[in-house]
Amino acid sequence: MIYTAQQTQNMVITGGPGMGKTSIITHLTSQGYHCIPEVGRMIIIEQMRTQGNKLPWVDPLAFAMEMLGQATADYHKLGHDQTRGFTFFDRGIPDIMGYLSICGIATPPVLEEACHSLPYFNKVFITPPWKEIYVNDTERKQSFSEAIDTYEAMKQVYSNLGYTLIEIPKLSIVERVQFIISALQ
Numbered sequence: 001m002i003y004t005a006q007q008t009q010n011m012v013i014t015g016g017p018g019m020g021k022t023s024i025i026t027h028l029t030s031q032g033y034h035c036i037p038e039v040g041r042m043i044i045i046e047q048m049r050t051q052g053n054k055l056p057w058v059d060p061l062a063f064a065m066e067m068l069g070q071a072t073a074d075y076h077k078l079g080h081d082q083t084r085g086f087t088f089f090d091r092g093i094p095d096i097m098g099y100l101s102i103c104g105i106a107t108p109p110v111l112e113e114a115c116h117s118l119p120y121f122n123k124v125f126i127t128p129p130w131k132e133i134y135v136n137d138t139e140r141k142q143s144f145s146e147a148i149d150t151y152e153a154m155k156q157v158y159s160n161l162g163y164t165l166i167e168i169p170k171l172s173i174v175e176r177v178q179f180i181i182s183a184l185q
């Protein structure tokens with residue numbers, strides 16, 4: 001595949017829940033990098049606020065389709081601005097495919113198409129399972145075992161789509177960000 005300038009600047013950070021992705025994204029943002037927050041968490045917050053049913057524990061497919069709509073919009077919002085530098089995504093569109101596989105739900109054709117037509121840079125950063133930092137919260141209800149299953153699903157999905165996974169070491173947030181930036185130079 002030949003990548004456009006936009007695609008070579010779109011970096012994904014994936015992995016299981018509670019493994020430090022959002023903390024890494026927050027630190028990258030504080031360092032001046034353009035970052036796209038995780039859409040799933042935002043959808044859960046909004047659905048809970050409005051008493052909606054597009055929640056992973058109520059209607060997983062509706063939740064996935066809502067994530068796809070927002071993730072696709074976020075991807076397209078970037079346009080073709082080649083001057084912005086790297087954009088880091090807290091999860092990419094293929095994460096939705098991984099989520100559905102965990103739920104035992106077949107990938108809808110529209111999601112399959114999005115995974116192929118909206119590619120990210122071919123190197124994807126993945127946070128490994130790390131029990132010492134894992135915590136639950138209002139939006140994150142998975143057990144640590146389910147977080148490991150999510151990590152494995154993301155590894156499988158991104159590998160199947162042809163991406164090269166780079167595991168982020170279990171270090172401080174500052175060191176993890178330094179590792180990512182160094183890997184891109």
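For the sequence shown, UniProt numbering begins at 1 and goes up steadily by one.
Every residue gets a Cβ at the ideal spot worked out from N, C-alpha and C, and that includes glycine.
Bear in mind the structure is a predicted one, so any value in this text is a computation, not a measurement.
Bounding residues of the alpha helix (DSSP H) (the contiguous stretch that carries Thr72): Here the question's residue 72 lines up with position 72 in the sequence shown. Counted as a single uninterrupted DSSP element, the alpha helix (DSSP H) harbouring Thr72 occupies residues 60 to 77.
Distance check for Phe86 and Tyr3, CA to CA, integer angstroms please. Against the sequence shown, residue 3 aligns to sequence position 3. Against the sequence shown, residue 86 aligns to sequence position 86. Annotation note: pLDDT 47 at Tyr3 (below 50); position unreliable, no value reported.
Can you tell me whether Leu111 sits near the ligand ZN, meaning its C-beta is under 7 Å from at least one heavy atom of the ligand? No copy of the ligand ZN occurs in the structure displayed, which carries no ligand at all.
Around the Cβ of Glu66, are there at least 16 other Cβ atoms within 10 angstroms (buried) or fewer (exposed)? Here residue 66 refers to the residue found at position 66 of the sequence shown. Answer is buried; the Cβ neighbour count reaches 16.
Could you check what DSSP says for Leu28 in three-state terms: helix, strand or coil? The count along the sequence shown starts at 1 and reaches residue 28 at position 28. Three-state DSSP puts Leu28 in a helix.
Reference Gln142; option with closest CA among Pro56, Glu38, Gly52: Against the sequence shown, residue 142 aligns to sequence position 142. The residue with the shortest Cα to Cα distance from Gln142 is Pro56.
Please classify Leu171 as buried or exposed, where buried requires at least 16 neighbouring CB atoms within 10 angstroms. The sequence position of residue 171 within the sequence shown is 171, counting from 1. It counts as exposed.
With H, G and I counted as helix, E and B as strand and the rest as coil, what does DSSP make of Glu38? Residue numbering aside, residue 38 sits at position 38 when the sequence shown is read from its first letter. Correct three-state label for Glu38: coil.
Going by C-alpha distance, which of Ile25, Pro169, Leu78 is nearest Leu118? In the sequence shown, residue 118 corresponds to position 118, counting from 1. Checking every option, the nearest Cα to that of Leu118 belongs to Leu78.
What is the rounded straight-line gap between the Cα of His116 and the Cα of Asn122? Mapped onto the sequence shown, residue 116 falls at position 116. Mapped onto the sequence shown, residue 122 falls at position 122. About 12 Å.
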